[in-house]
Structures are given as structure tokens and as C-alpha cells.
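So for the sequence shown, my numbering puts the first residue at 5; every next one is plus one.
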Amino acid sequence: MEGGAQHLADRFAGSPLPGASPSPVPEQRGTKYCKPPCMGLIIDGKSIAEDIKLQIAEEFRRMKKAVAHVPGLAIVLGTIIDGKSISEDIKLQIAEQFRRMKKAVAHVPGLAIVLVGDRRDSQSHVGFKLKGCEEVGIKSLLSELP
């Protein structure tokens, strides 16, 4: 058993598991119905998952209360990000860097692609790269081979 499953097995060894009911199948040595740590029980995974979820929620509430009293310390719950706007910001920054580079040294890096074969996924990937280069002003060159 892996770490989490072994922890649960150790935790509930010898006691009825939450959501468990007696097995309708008599205990028979060597059957698939009676292998440790089941000990003749049928486990309702959904009930166990709900119990664990409630325990985690309670632990989180307890931790949040404890941290609330510490000055300068807070729990960050997460941030919803907008991938499209972040992508646009990055493209604008790259375009500006390339304009400055071209003005300063008269040369900028480019992208050369050698596409071998006719796999649609590769063609699509290369198409996105070419489009991205065009959007920010990077010179690109595509060479296709059979």
C-alpha cells in the first residue's frame, strides 16, 4: 500500500471504518473478500472521502483562526488568473524588447523551423509558433521536408 492508504489502514486497524458494513461474504482464507486490512468489511469509499473532507475542512478552519492572531501573517487562498491577458502582456514585452534590440544593434534573433513529415499535430504546433513570431515581430523561416 502507498503512504496515504497505509496510513488509513493503520489508523483504522481493528476498528470499524466510517461507512463500513459487515461483509455479506463469509471470511474465507485466501479469497479476494478477506485480505488484510479489510478484515471482512466492505468499505464505502464515498463515506470515507466525505469524512476525510470534513476533517480537512475543520483542520483548515482551526489553522486559519490560529494564524489570524499573528501580525503580518496571512493565509493566501489562491488567485484566479486570466491567461489571455497575461499572454498579451508577455507578447507586448517581447515585442518592445525586440524593437529596442533592432534599434541598438540592427539585428535580432529569429526562428528557423525544419518541419519533417506531415503530422497534423506538428503542423499545428509550428503554425502557432509562426503566428506568435509574427505577432511580436520576430522573423521566422519555415522549411518543410517530406
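Glycine residues also receive a C-beta, built at the ideal position from the N, C-alpha and C atoms.
Endpoints, the alpha helix (DSSP H) within which residue i is located
| i | result |
| --- | --- |
| Ile94 | Gly87 to Val109 |
Nearest to residue i (by Cα), restricted to the options the options
| i | options | result |
| --- | --- | --- |
| Gln97 | Gly114, Ala72 and Gly141 | Gly141 |
| Val118 | Phe64, Ser144 and Ile94 | Ser144 |
| Arg123 | Met67, Ile60, Pro150 and Leu115 | Pro150 |
| Ala99 | Ala108, Ala70, Cys137 and Ile90 | Cys137 |
| Phe102 | Glu139, Leu134, Gln127 and Ala70 | Glu139 |
Bridge partners - residue i, DSSP secondary structure assignment
| i | result |
| --- | --- |
| Leu134 | Paired residues: none, contrary to the question. |
| Leu146 | Ile117 |
Enclosing beta strand (DSSP E) for residue i [first to last residue]
| i | result |
| --- | --- |
| Ile117 | Leu115 to Val120 |
Burial state of residue i (16 or more Cβ within 10 Å)
| i | result |
| --- | --- |
| Lys88 | exposed |
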